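Asker:
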Amino acid sequence: MPNYRRAKLPGGTYFITQVTHNRQPWLITDIARLALRAAITHVRQKYPFTIDAFVLLPDHFHCLWTLPEGDSDLSTRLRLIKTFVTKRYGSELEINADISTSRKKRQERNLWQRRFWEHLIRDDRDFAKPQKKGFYKAATHWQIRYIV
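Following this note's numbering, the numbering of the sequence shown begins with 2 at its first residue and continues without gaps.
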């Protein structure tokens, strides 16, 4: 198994991007929002974290999470959220995509990309970059928006 290099800072704040398998646009369906909300709530009971920001788009989401002091295990949290959604809501989501031989071998479904992208937020200036670069002024400026 590969040893991926991830920044690990106990109590750190991370910008995360998780994409759906083959960029299928299922995340903004009612059942997907319910599933994601339930998964996050469930995982936070055992593995707490603060959600500083969350943007849900049809085929991926971005979020800023701050982990508790002394804890740097971002990967477990995201893995458990993805597993919860897949196992509890996967059949209800009715994703019509073939499951590859590789995914069948690993007993994976067709909801999520295997990996995720993360960036460790290093300071207040880094935290403010998306707004500073003009990606958004306020959440109300987005044409489509949902609260998870």
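The beta-carbon is built from N, C-alpha and C at its ideal position, and this holds for glycine as well. Computed from a predicted model, the values in this text were never measured in an experiment.
1. By Cβ distance, which residues of its chain are closer than 6 Å to Lys9, with the 5 residues on each side in sequence left out?
2. Suppose you measure from the CA of Leu68 to the CA of Glu93; what does that come to, to the nearest Å?
3. Leaving out five residues before and five after Trp27 in sequence, what residues of the same chain have Cβ atoms less than 7 Å from its Cβ?
4. By Cβ distance below 8 Å, which residues in the same chain neighbour Leu114 in space, the five residues on each side in sequence not counted?
5. In the DSSP assignment, what residue or residues form a beta bridge with Gln19?
6. Taking Asn111 as the reference, give the member of Phe50, Tyr90, Arg123 with the closest Cα.
Answerer: Reading from the atomic positions:
1. Ser73
2. 31 Å
3. Counting only Cβ-Cβ distances below 7 Å, and skipping sequence neighbours, we find Thr21, Ala33, Leu94, Ile96.
4. The displayed chain sequence assigns Gln, not Leu, to residue 114. Answer for Gln114: Gln19, Val20, Thr21, His22, listed in chain order.
5. Answer by DSSP bridge pairing, in chain order: Phe62.
6. The option with the nearest alpha carbon to Asn111 is Tyr90.
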